[in-house]
Structure formats: C-alpha cells, structure tokens
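I have placed the structure first, in the form of structure tokens, so that the comments after it can refer back to it.
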Amino acid sequence: MIAGKVVGSLVSTRKSEKLIGNKFMIVEPLRHMQADTRQIIAIDNIGAGIGEYVIVAQGSAARIGCDMEEAPVDAAIVGIIDDGGILEKDDAGME
Amino acid sequence: MIAGKVVGSLVSTRKSEKLIGNKFMIVEPLRHMQADTRQIIAIDNIGAGIGEYVIVAQGSAARIGCDMEEAPVDAAIVGIIDDGGILEKDDAGME
Amino acid sequence: MIAGKVVGSLVSTRKSEKLIGNKFMIVEPLRHMQADTRQIIAIDNIGAGIGEYVIVAQGSAARIGCDMEEAPVDAAIVGIIDDGGILEKDDAGME
Amino acid sequence: MIAGKVVGSLVSTRKSEKLIGNKFMIVEPLRHMQADTRQIIAIDNIGAGIGEYVIVAQGSAARIGCDMEEAPVDAAIVGIIDDGGILEKDDAGME
Amino acid sequence: MIAGKVVGSLVSTRKSEKLIGNKFMIVEPLRHMQADTRQIIAIDNIGAGIGEYVIVAQGSAARIGCDMEEAPVDAAIVGIIDDGGILEKDDAGME
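In order, the protein sequence lines correspond to chains A, B, C, D and E. So the first sequence is residues 1 to 95, counted in the working numbering. So the second sequence is residues 101 to 195, counted in the working numbering. So the third sequence is residues 201 to 295, counted in the working numbering. So the fourth sequence is residues 301 to 395, counted in the working numbering. So the fifth sequence is residues 401 to 495, counted in the working numbering.
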C-alpha cells in the first residue's frame with residue numbers, strides 16, 4: 001500500500017454503471033512513498049476528507065478487498081492515518 | 101485509476117478475436133498523475149471522444165469491471181470527467 | 201495496453217513446461233508509451249513479425265485473455281497496428 | 301519480490317474492517333532493488349521488527365499467499381532475510 | 401516478462417510456511433529491459449544458476465503459472481535463455 005494525502009475529488013457524470021454512487025478522490029502519495037509522487041484517483045469507502053492522510057491499496061486488492069469485485073476500480077482508500085502530518089515532515093519513516 | 105486526455109485512437113485489423121468490436125483509444129495521463137505521463141492504450145466502453153478527459157482503470161479491474169473477463173485488456177476508460185480541462189491547469193489537484 | 205515494435209525474439213530451451221510451443225518476442229514500447237521505453241518479452245499468438253508495430257497486454261490479461269490461464273505469462277501481443285509506422289513519427293498521438 | 305528494510309510503522313484507527321488486527325509496516329526497498337527505492341506499506345505476518353531486512357511480495361500474491369484473500373492488501377512481508385545487512389553494503393547482489 | 405541475469409541468492413529462515421523449500425534468486429534485469437534495471441527477487445523452479453540469463457514472469461503469472469497458487473510469490477524464473485550473453489552486448493534487441 002502507499003500513504004498519501006487527499007488533495008481533491010473528481011466528478012464524472014458519464015461513467016460505468018458499476019461506479020455509480022462512488023466518490024473519486026485524488027490522492028497525492030507522500031514524497032518518499034512508492035509511485036513517483038504522482039497523483040492517483042482512488043475510491044473512498046472510509047469517509048476520508050480533503051487534507052487527510054490515507055492508506056491506498058492498489059490493484060485487485062482495491063476491488064476484492066472493498067467488496068466491489070465487479071467494479072472497474074484499481075485503487076481504494078482503505079484507512080486514514082492517525083497523525084499523518086508527521087509523515088510529511090519525516091522523510092525516512094517513523095515509528 | 102488515473103485521469104487523462106484522449107489524444108487519438110488506433111486501428112488493428114489483425115487482433116485477438118476477443119478484441120473484435122472494441123475501440124482502442126490513446127490516453128495521455130495528466131502530468132501530475134501516476135504513470136510517468138506516458139500514453140496508455142485503453143478500451144472505451146463509455147463513448148469518450150478525442151479531446152475529452154477520462155478516468156482509466158488498469159489491471160484486472162479493466163477486464164472484470166467492464167464485463168470483458170475473457171479479453172486481453174489491461175486498461176479501460178471507465179468515466180468521463182466533468183470540467184476536465186480544469187485538471188490540466190491545476191497541478192496540485194482540485195475540489 | 202501499450203504500443204510497441206517487435207525488435208527480436210528469444211530462444212529458451214530449458215523452460216516451464218507450460219511455455220513449450222510459445223514464441224518469446226522482444227517488444228520495444230514506443231517512446232511516448234507507458235513503461236519507460238524499456239523492452240518487454242511478450243508471447244505472440246497473433247503471428248507478428250519483427251519490425252511490426254503491435255499492441256501488448258500486460259498482467260493477468262495476457263494469461264486469461266489469450267487462453268493460457270495456467271501459463272507463467274505476463275505479457276502478450278494481442279493485435280498488430282495498421283500503419284504503425286506513423287505512431288513512431290507522431291509523438292503526441294494520432295487519429 | 302523485493303528486499304527492503306523495515307523503517308517504521310503506521311497507525312490507522314479508522315480503516316477497512318478487513319484490516320483490523322493487522323500491522324502496517326513501512327518498508328524501504330534496498331537501493332538496488334526494484335521500485336525506485338520509495339517506501340511501501342506492507343502487512344506483516346512474520347513478526348518483523350524495525351531495522352530488520354525483509355522480503356516483500358506485492359500484488360495479488362500478498363492477499364492470496366497470506367490467507368487474506370478478502371482484504372484490501374497489496375503488499376506483505378513474507379520473509380526475514382538472514383544477514384540482511386550484507387545486502388545494503390553490496391550493491392551488485394550476493395551469494 | 402523481462403530478461404535478466406541471476407546475480408545471487410537470498411537466505412530467509414523465518415518466512416511464510418508456503419515458501420518453505422523455495423529458492424530466492426536475485427535477478428538483475430538487462431539494462432534495456434523494463435523495470436529500471438533494479439534487481440528482483442524471484443522464485444526459481446527451473447534450476448537456474450548464478451550467472452545464467454533467465455526469463456522472469458511477474459504478478460499473478462508467477463503464482464498461477466508455476467503451480468504455487470497459494471504462495472506469496474510475485475516473480476518467478478520461467479526459462480533460461482540460450483546464448484543470453486549476446487543480449488547484454490546488444491542494446492537494441494536481437495533475433
């Protein structure tokens with residue numbers, strides 16, 4: 001998984017029927033996290049708000065682990081990090 | 101998922117039988133989105149036109165979530181972004 | 201999927217039994233396509249020749265979409281691009 | 301798989317129900333290992349401590365291979381490397 | 401798949417039960433192959449020796465194609481390349 005910050009959301013009116021009712025959040029991975037710090041669009045089932053630090057699961061884990069087995073989803077917010085702000089300051093990891 | 105712009109399409113006459121009837125769209129991820137801004141070839145089930153901003157799902161999500169479980173497809177356009185042009189201007193995400 | 205050019209092939213005498221009878225083609229992704237322009241080794245079920253421009257599917261799509269569900273294959277040529285040479289000249293996509 | 305060093309852990313109180321009881325470890329891949337040396341968040345089923353060198357499996361292997369088939373997990377620590385410190389010194393691999 | 405050279409092996413005494421009996425080989429992808437030339441840890445079912453040039457399958461192909469469906473494995477050596485040394489000299493592919 002990667003850790004990132006929710007920086008926005010997307011609206012898509014014309015979309016796959018299986019995506020109706022889902023929120024598309026824009027997550028920016030932390031600089032020292034995998035994935036080139038490029039942003040990811042992730043489904044949110046946890047209720048993360050903009051500015052919160054989250055854990056994002058990618059690949060089939062997003063579909064299967066979030067009970068959306070049949071949906072075209074490859075990334076999902078699966079947890080909100082406690083004290084996530086610390087992560088951004090500390091570039092080498094934290095305990 | 102990633103957000104990108106449809107910049108063209110591809111024609112393939114000799115192809116896997118399971119791909120017959122599908123359109124191959126060339127999608128250029130937005131600069132601040134994951135995937136090195138390199139272009140992706142994605143199947144389109146939504147009816148996206150060239151110049152539109154779209155959401156692309158990758159991996160098994162493209163096959164399974166688009167009811168093409170048996171097709172050799174690893175990327176699919178799953179939504180068209182409302183006001184996608186704003187995304188290109190705003191490099192840090194948007195609400 | 202990505203678009204690339206077949207630049208060669210590989211011979212492997214000692215290999216997984218499930219790969220017997222398959223051809224290993226070396227595909228070089230086009231410069232503006234995803235995957236860092238590094239070469240990929242892909243199974244060919246379409247009959248692509250060296251120098252041809254092809255569409256390559258990666259991940260589980262290669263196995264499942266090419267009826268090789270039980271084979272250790274993560275990339276397959278799934279289509280030959282008509283007029284592929286144009287792709288190499290045009291860096292921004294084409295219609 | 302990749303080899304890396306456990307550099308910390310994350311706490312997430314609000315998370316997917318399927319993740320309850322799991323530890324999120326922050327793993328930093330070794331410099332000469334795949335994945336851009338960016339950190340990964342991996343579930344730990346082996347009991348790795350901070351500072352230990354570990355093997356991390358990614359993708360569906362993490363879920364299925366760790367008996368968490370239904371959990372939104374895309375990376376898991378699957379082994380602790382004996383004499384892992386040697387790996388960090390030797391940049392070209394070791395026997 | 402990617403082509404690489406076996407440069408070493410890893411020992412892991414504390415590991416997932418499902419990995420017992422497997423060898424962890426360190427494979428360095430060829431410079432012009434996908435994956436940033438960073439090293440990968442791959443299971444070996446073919447009997448590759450250090451210094452040999454091999455084909456590595458990644459993702460679910462490694463598990464399913466190597467009859468290790470339940471193991472936390474995301475990369476496997478699936479073939480040994482005949483005359484692999486030529487690959488290292490020739491940067492543009494070969495026939």
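Glycine included, every Cβ here is placed at the ideal spot set by N, Cα and C. As the structure is a computational prediction, the values presented were derived from the model and not from experiment.
Going along chain A in order, which residues have a C-beta closer than 9 Å to the C-beta of residue i?
i, result
"D:L387", "Going along chain A, no residue has its Cβ under 9 Å from D:L387, so there is no contact; the nearest lies around 18 Å."
"B:G179", "L10, S12, T13, R14, K15, S16, L19, F24 and P72"
Could you compute how far the alpha carbon of residue i sits from the alpha carbon of residue j?
i, j, result
"D:A392", "C:D282", "Confidence is the limiting factor: at D:A392 the pLDDT is only 44, short of 50, which leaves the residue's position unreliable and the question unanswerable from this model."
"B:N122", "A:G49", "37 Å"
"E:R431", "C:M233", "18 Å"
"A:S16", "A:R63", "15 Å"
"A:I55", "D:I341", "8 Å"
"A:I103", "D:S312", "Residue numbering for chain A in the displayed model covers 1 to 95; residue 103 of chain A lies beyond these limits and cannot be assessed."
"B:I180", "C:I280", "28 Å"
"A:M25", "D:D367", "29 Å"
"E:L447", "B:G165", "In the sequence as displayed, the identity of residue 447 of chain E is Gly instead of Leu. Rounded to whole angstroms, E:G447 to B:G165 spans 38 Å at the Cα level."
"C:N245", "B:K105", "31 Å"
"A:I43", "A:E88", "22 Å"
"B:G184", "A:I20", "18 Å"
"A:M1", "B:M101", "14 Å"
"B:R114", "A:R14", "31 Å"
"C:E295", "B:V107", "In this predicted model, C:E295 has a pLDDT of only 35, less than 50, meaning its place in the structure is not dependable; the value taken from the coordinates is given anyway. Their Cα atoms are separated by approximately 8 Å."
Can you check which of these residues, the options, is closest to residue i by C-alpha distance?
i, options, result
"A:S60", "A:E69, A:I40, A:Y53 and A:E52", "A:E69"
"D:K318", "D:I386, D:S309 and D:V373", "D:V373"
"D:A375", "D:L310, D:R314, D:I320 and D:V327", "D:V327"
"B:S109", "C:R238, C:V207, C:A203 and C:I243", "C:A203"
"A:R38", "A:M25, A:I46 and A:P29", "A:P29"
"C:E252", "C:V278, C:A271 and C:G265", "C:V278"
"B:Q158", "A:G65, A:M1, A:A71 and A:G84", "A:A71"
List, in order along the chain, the chain D residues whose C-beta lies closer than 8 Å to that of residue i?
i, result
"E:E470", "I364 and G365"
"A:G4", "Here the premise fails: no neighbours, minimum Cβ distance about 10 Å."
"E:R431", "Those do not exist, as E:R431 stays about 13 Å from chain D at its closest Cβ, beyond 8 Å."
List the residues of chain B whose Cβ lies closer than 8 Å to the Cβ of residue i, in chain order.
i, result
"A:A75", "M101"
Under 7 Å Cβ-Cβ, which residues of chain B neighbour residue i?
i, result
"A:I41", "M101, I102, A103 and I155"
Can you pull the chain A neighbours of residue i, defined as C-beta to C-beta under 7 Å?
i, result
"B:D182", "V11, S12 and T13"
Report the neighbours of residue i on chain E: residues whose CB is nearer than 8 Å to its CB, in chain order.
i, result
"D:I346", "R414, K415 and S416"
Mind pulling the chain C residues with CB within less than 7 Å of residue i?
i, result
"B:G159", "G259"
In chain order, what are the residue ranges of uninterrupted alpha helix (DSSP H) at least 4 long that sit wholly in the region 209-265 of chain C?
260-265, all fully within the region 209-265 of chain C.
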